[in-house]
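Novice: So the sequence shown is residues 1 to 364, counted in the UniProt record's numbering.
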Amino acid sequence: MAASPDNSIAHIASDEDQLFEFVVRTGHGVKGLVDAGISHIPNRYIHPPEKLADFKRISSTITLPIIDLSGLSDASIKNSIAQEICEATKKFGFFHVINYGVPQDLVKRLMDSTSEFFELPPEKKACYLKGVSPCKNVFLGTSFTPESEKCLEWKDYIIMFFFGEDEARAFWPPEYRDVLLEYLKLQQPLISFIFESLLKGIGVTVDDELIKAYIEPKAVNLNYYPVCPNPELTVGVGPHSDLGVITLLVQDDVGGLQAKIEDEWVEIAPMPGALIVNVGATLEILSNGEYKSVEHMARASNTNRISIPIFVGPRPHTKIGPLPGLLQKDGKPIYKDLLFGELMEHFFSTPHKGKQTPLDFARF
Ligand SMILES: O=C(O)CCC(=O)C(=O)O
Numbered sequence: 001m002a003a004s005p006d007n008s009i010a011h012i013a014s015d016e017d018q019l020f021e022f023v024v025r026t027g028h029g030v031k032g033l034v035d036a037g038i039s040h041i042p043n044r045y046i047h048p049p050e051k052l053a054d055f056k057r058i059s060s061t062i063t064l065p066i067i068d069l070s071g072l073s074d075a076s077i078k079n080s081i082a083q084e085i086c087e088a089t090k091k092f093g094f095f096h097v098i099n100y101g102v103p104q105d106l107v108k109r110l111m112d113s114t115s116e117f118f119e120l121p122p123e124k125k126a127c128y129l130k131g132v133s134p135c136k137n138v139f140l141g142t143s144f145t146p147e148s149e150k151c152l153e154w155k156d157y158i159i160m161f162f163f164g165e166d167e168a169r170a171f172w173p174p175e176y177r178d179v180l181l182e183y184l185k186l187q188q189p190l191i192s193f194i195f196e197s198l199l200k201g202i203g204v205t206v207d208d209e210l211i212k213a214y215i216e217p218k219a220v221n222l223n224y225y226p227v228c229p230n231p232e233l234t235v236g237v238g239p240h241s242d243l244g245v246i247t248l249l250v251q252d253d254v255g256g257l258q259a260k261i262e263d264e265w266v267e268i269a270p271m272p273g274a275l276i277v278n279v280g281a282t283l284e285i286l287s288n289g290e291y292k293s294v295e296h297m298a299r300a301s302n303t304n305r306i307s308i309p310i311f312v313g314p315r316p317h318t319k320i321g322p323l324p325g326l327l328q329k330d331g332k333p334i335y336k337d338l339l340f341g342e343l344m345e346h347f348f349s350t351p352h353k354g355k356q357t358p359l360d361f362a363r364f
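The following block contains the structure:
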């Protein structure tokens with residue numbers, strides 16, 4: 001009698017090819033491993049101790065500047081808020097905003113519908129896998145760039161590149177489509193205000209065309225970090241700096257976001273009702289280094305965690321490089337001109353390895 005194939009999760013997890021097929025190609029993700037009852041993370045998720053050492057030593061949390069936006073409709077307060085944003089960005093590269101124009105019950109609905117989506121059976125989510133998804137701007141993934149990573153990351157996600165409501169209505173999963181669209185719409189004035197404040201703060205003349213070119217398109221990730229049996233051996237997201245202009249992130253109350261601020265890794269604890277804003281590589285390039293993108297990562301944890309970043313950035317064919325006004329002031333560019341799509345391609349094909357990706361690619 002022929003032996004029956006061993007389909008147990010322990011067997012799948014111990015075989016590199018089967019693991020990759022299960023987690024990546026068939027869209028089970030790390031959630032699939034957890035749901036199947038895995039008791040130890042597969043070797044492919046174990047990161048070298050020297051790579052984890054910095055994060056494990058983290059003993060402090062940081063209190064980021066908290067910028068209250070409730071006074072934005074008052075012109076006299078608006079200027080001082082803009083100034084606070086520039087100062088916080090220059091000093092930390094990360095800050096919190098509160099009263100930012102999105103009702104908290106909407107944020108809760110967004111978190112709940114994200115959970116609902118990831119709780120779907122794998123076969124229902126698999127129709128959004130890259131190469132299968134009916135829209136190339138929406139796809140389900142796990143880890144960051146699993147094809148080229150030696151060690152995988154303990155995260156599942158779905159990413160949506162937003163190029164307008166019609167496409168979103170046609171192709172985004174119904175579990176969260178309406179609530180996410182409402183959330184995005186309410187974020188738009190805040191995104192414009194932050195970007196405009198940051199540019200004016202370094203002496204750039206801002207017009208509608210400039211604003212439109214860099215912040216109209218966006219990518220949104222729904223990040224789902226399933227409970228991890230050995231969080232100390234792996235990462236949720238490895239150290240990187242973001243690709244776009246700015247990122248706006250909401251996280252639930254579990255915690256796990258860590259950033260390298262003033263050369264030290266610190267934990268950015270969840271703050272109820274707050275949104276986290278941070279600088280991406282494209283703003284560092286546009287500002288010729290006046291604003292610095294900050295390296296950050298997310299640790300794995302023994303509780304399910306959700307975070308939802310909106311990555312704001314230009315369209316792929318948009319040219320990026322230090323803005324002309326800045327060149328006149330300090331004379332020399334640190335970064336070359338290139339298309340955002342070139343930076344994007346480099347970013348999405350390189351495993352996370354700290355702040356140098358993608359900035360090294362753009363530096364002279
Ligand atoms: O989950 C977090 O707190 C950070 C997420 C992140 O850095 C990313 O998705 O690029």
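We put the CB at the ideal spot given by N, CA and C, even for glycine. In this text the structure is predicted, and so the values were computed from the model without any measurement.
Decide if ALA2 is buried, meaning its Cβ has at least 16 other Cβ atoms within 10 Å, or exposed.
Specialist: Residue placement at ALA2 is poorly supported in this model, since its pLDDT is 48, which falls under 50; the coordinates still yield a value, given next. Flag for ALA2 reads exposed.
Novice: Does DSSP classify TYR335 as helix, strand or coil?
Specialist: Strand.
Novice: Is any heavy atom in ligand 1 found nearer than 8 Å to the beta carbon of ALA298?
Specialist: Checking the Cβ of ALA298 against ligand 1 gives yes.
Novice: Which whole-angstrom value describes the C-beta separation of ALA300 and PRO231, a residue pair presumed to lie in contact below a C-beta threshold of 8 Å?
Specialist: Contact flag correct, Cβ pair sits at about 4 Å.
Novice: Here's a check: name, in chain order, each residue in its chain whose Cβ is nearer than 8 Å to the Cβ of ARG109, leaving out the five neighbours to either side.
Specialist: Once the five neighbours on either side are set aside, the close Cβ partners of ARG109 are VAL179.
Novice: Taking GLY236 and LYS155 to be in contact with their CB atoms under 8 Å, please state how far apart those CB atoms are, rounded to whole angstroms.
Specialist: Confirmed, about 5 Å.
Novice: Taking PHE118 as the reference, which of VAL294, ILE306 and LEU186 has the closest Cα?
Specialist: The candidate whose alpha carbon is nearest that of PHE118 is ILE306.
Novice: Run the CB neighbour count on LYS353, radius 10 Å, all protein chains shown included, and call it buried at 16 or more, exposed below.
Specialist: Answer is exposed; the Cβ neighbour count stays below 16.
Novice: Consider the C-beta atom of ASN304 and the heavy atoms of ligand 1; say whether any pair is separated by less than 8 Å.
Specialist: Every heavy atom of ligand 1 is 8 Å or more from the Cβ of ASN304, so no.
Novice: In terms of alpha-carbon separation, which member of PHE171, SER73 and ASN288 lies closest to PHE364?
Specialist: Considering only alpha carbons, the answer is ASN288.
Novice: Tell me, to the nearest whole angstrom, how far the beta carbon of SER192 is from that of ILE158; I am working on the premise that it is less than 8 Å.
Specialist: Between ILE158 and SER192 the Cβ distance is about 26 Å, and since that is not below 8 Å, they are no contact.
Novice: Give me, in chain order, the residues of the same chain whose beta-carbon lies closer than 6 Å to that of ASN99; leave out the 5 immediate sequence neighbours on both sides.
Specialist: Correct list, in chain order: ASP68, LEU69 and SER70.
Novice: To the nearest angstrom, report how far apart GLY141 and ALA75 are at their CA atoms.
Specialist: Approximately 43 Å, taken between the alpha carbons.
Novice: Assuming contact is defined by CB atoms lying nearer than 9 Å, are PRO314 and PRO217 in contact in what I supplied?
Specialist: Taking 9 Å as the Cβ cut-off, PRO314 and PRO217 qualify as a contacting pair.
Novice: Give the straight-line distance between the Cα atoms of THR114 and GLU175, rounded to the nearest whole angstrom.
Specialist: One C-alpha to the other measures close to 8 Å.
Novice: Considering only heavy atoms of ligand 1, does any lie closer than 8 Å to the CB of TYR214?
Specialist: TYR214 Cβ: outside cutoff for every heavy atom of ligand 1.
Novice: Answer yes or no: the CB of VAL235 versus the heavy atoms of ligand 1, is any distance below 8 Å?
Specialist: No, the beta carbon of VAL235 sits no closer than 8 Å to any heavy atom of ligand 1.
Novice: Please tell me whether TYR335 and PRO322 are closer than 9 Å, where the distance is taken between their beta carbons.
Specialist: In contact: TYR335 and PRO322 (Cβ atoms closer than 9 Å).
Novice: Helix, strand or coil: which one does DSSP assign to MET160?
Specialist: Three-state result, MET160: strand.
Novice: When the Cα of SER349 is compared with those of LEU327, SER148 and SER14, which residue comes out closest?
Specialist: Out of LEU327, SER148 and SER14, SER148 has the C-alpha closest to the C-alpha of SER349.
Novice: With a threshold of 7 Å on Cβ separation, who are the neighbours of LYS90 within its own chain once the five nearest residues in sequence on each side are excluded?
Specialist: Cβ neighbours of LYS90 beyond the five flanking positions: TYR291.
Novice: Taking only the alpha-carbon atoms, compute the straight-line gap between ALA274 and CYS86 and give it to the nearest angstrom.
Specialist: Straight-line Cα distance between these residues: approximately 18 Å.
Novice: So what does DSSP say about SER200, is it helix, strand or coil?
Specialist: Correcting the residue identity first, residue 200 is Lys in this sequence and not Ser. Looking at LYS200 - three-state DSSP - the assignment turns out to be helix.
Novice: If we ignore side chains and look at the alpha-carbon of each, how far apart do ALA10 and LEU339 end up?
Specialist: Cα to Cα, ALA10 sits roughly 45 Å from LEU339.
Novice: Starting from the C-beta of SER143, find all residues in its chain whose C-beta is less than 7 Å away, skip the five residues before and the five after it, and write them out in chain order.
Specialist: These residues qualify, in order along the chain: GLU149, LEU152, GLU153 and LYS155.
Novice: For the segment 204-272, list the alpha helix (DSSP H) runs that are entirely contained and at least 4 residues long, ordered along the chain.
Specialist: For the segment 204-272, whole alpha helix (DSSP H) runs of length 4 or above, ordered along the chain, are 208-215.
Novice: Could you work out which residue in PRO333, ALA82, GLY101 and HIS47 is closest to GLU182 when comparing CA atoms only?
Specialist: Ranking the options by Cα distance to GLU182, first place goes to GLY101.
Novice: Taking PRO122 as part of the alpha helix (DSSP H), name the residues at either end of that continuous run.
Specialist: 122-125 is the extent of the alpha helix (DSSP H) around PRO122.
Novice: Starting from residue 382, trace the beta strand (DSSP E) in both directions and tell me its first and last residue.
Specialist: Outside the shown range of the chain (1 to 364) lies residue 382, about which nothing can therefore be said.
Novice: GLY255 and ALA126 look like a contact to me (Cβ under 8 Å); what is the Cβ gap, rounded to whole Å?
Specialist: Their Cβ separation, rounded to whole angstroms, is 30 Å, which puts GLY255 and ALA126 out of contact at 8 Å.
Novice: Using the Cβ count rule (16 or more neighbours within 10 Å means buried), how would you classify GLY93?
Specialist: When all chains shown are included, GLY93 counts as buried.
Novice: May I ask you to check if the CB of ASN221 is nearer than 8 Å to at least one heavy atom of ligand 1?
Specialist: Yes; taking the cut-off as 8 Å, the Cβ of ASN221 has a heavy atom of ligand 1 nearer than that.
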